[in-house]
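Some notes on the structure that comes next.
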Amino acid sequence: MRLLLLSDIHANLEAMEACLAAAPAHDLVVNLGDVVGYNASPNEVCERVRAMGGPIVRGNHDRACTGLTDLSEFNLVAAASARWTQVELATEHMDWLRSLPQGPIWVDELPGIEFAHGSPRDEDEYLLNPFTANINLHIPGHADVIMFGHTHLQGGFVYQEGRTRPLAPNYESMEGAVESTLTLFPGERYLINPGSVGQPRDGDWRAAFALYEKKGNAPAQVTFYRVPYGVKQTQDRIIAASLPERLALRLATGR
Ligand code: ZN
Numbered sequence: 322m323r324l325l326l327l328s329d330i331h332a333n334l335e336a337m338e339a340c341l342a343a344a345p346a347h348d349l350v351v352n353l354g355d356v357v358g359y360n361a362s363p364n365e366v367c368e369r370v371r372a373m374g375g376p377i378v379r380g381n382h383d384r385a386c387t388g389l390t391d392l393s394e395f396n397l398v399a400a401a402s403a404r405w406t407q408v409e410l411a412t413e414h415m416d417w418l419r420s421l422p423q424g425p426i427w428v429d430e431l432p433g434i435e436f437a438h439g440s441p442r443d444e445d446e447y448l449l450n451p452f453t454a455n456i457n458l459h460i461p462g463h464a465d466v467i468m469f470g471h472t473h474l475q476g477g478f479v480y481q482e483g484r485t486r487p488l489a490p491n492y493e494s495m496e497g498a499v500e501s502t503l504t505l506f507p508g509e510r511y512l513i514n515p516g517s518v519g520q521p522r523d524g525d526w527r528a529a530f531a532l533y534e535k536k537g538n539a540p541a542q543v544t545f546y547r548v549p550y551g552v553k554q555t556q557d558r559i560i561a562a563s564l565p566e567r568l569a570l571r572l573a574t575g576r
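Encoded structure:
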């Protein structure tokens, strides 16, 4: 079973297409939410995501951009992009985004894994440190492997030998397309973030995604990927849409 993990695409068409072009063969795509918000191609991205199928959990921006939650929790830039997206979104995509389920969700083909936007206990929680991750790795009734997004930071956390520590991919280069593989050992617990396709915040501007693979009785593996994309085109779209310039600038630095 090979599972393509996408998260936080945020209406970035160029980044999404680069990820799909670089993605190895897979059986299923699971999307961890925030399909829209921030960037300027919400309709094109919704169309492509809907066409690829597979389970999707909703993100906080999917709610905000469709009026399911108000914008009072958002900063000015995020709120401006959410208002713009509300106006731009085609009705059919708006309806589809509104219908997305709240995480965590489970997928029939992968009974040992759970999928959330923020955390298993709260769809809006940011899993940013081992303390919060450890709490979420020990909630009864949840899977030992939990895929999450929301932070836009690729990597995650592992609980092994009695403690929880951060995990990060180990890349050879800050240029070009790169990958880094992690083995998931039985008896340990994992929170895995494939990173953000459309607005990375870990200081690496390249689009992020991951592939989960389970073959027979061998331990499962997660491979993290970073791929360059046409960021200038994405920035041009943001400026042409009169969205805040900050949204274009941050893409170049991955912050
Ligand atoms: Zn997001």
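Just so we're aligned, residue 322 is where the sequence shown starts under the numbering used here, counting upward by one. Cβ coordinates follow ideal geometry from the N, Cα and C atoms, glycine included. Every value quoted in this text rests on a predicted model; they were computed, and no experiment measured them.
Here PHE530 is bridged, per DSSP, to TYR546.
Remark: the C-beta of ASP383 is outside contact range of the ligand ZN, defined as less than 6 angstroms to any heavy atom. Relative to the ligand ZN, the beta carbon of ASP329 is positioned inside 6 angstroms of a heavy atom. In this structure VAL408 is exposed. Its beta-carbon is surrounded by fewer than 16 other beta-carbon atoms within 10 angstroms. The residue from LEU334, PRO441, MET322 and LEU326 with its alpha-carbon nearest to that of GLY519 is LEU334. ARG379 sits in coil when the DSSP states are folded into three classes, being neither helix nor strand. For ASP355, the shortest separation between its Cβ and any heavy atom of the ligand ZN lies below 6 angstroms. As computed with DSSP, TYR511 is found in a beta bridge with VAL466 and VAL479. Under DSSP, ILE456 forms no beta bridge with any residue.
In the same chain as PRO540, and ignoring 5 residues on each side of it, the C-beta atoms closer than 7 angstroms to its own belong to THR504, LEU505, PHE506 and PRO507, in chain order. For secondary structure counted as the beta strand (DSSP E) over 3 or more consecutive residues, the stretch 323-374 holds these complete runs in sequence order: 323-327 and 349-352. For LEU397, the three-state secondary structure derived from DSSP is helix.
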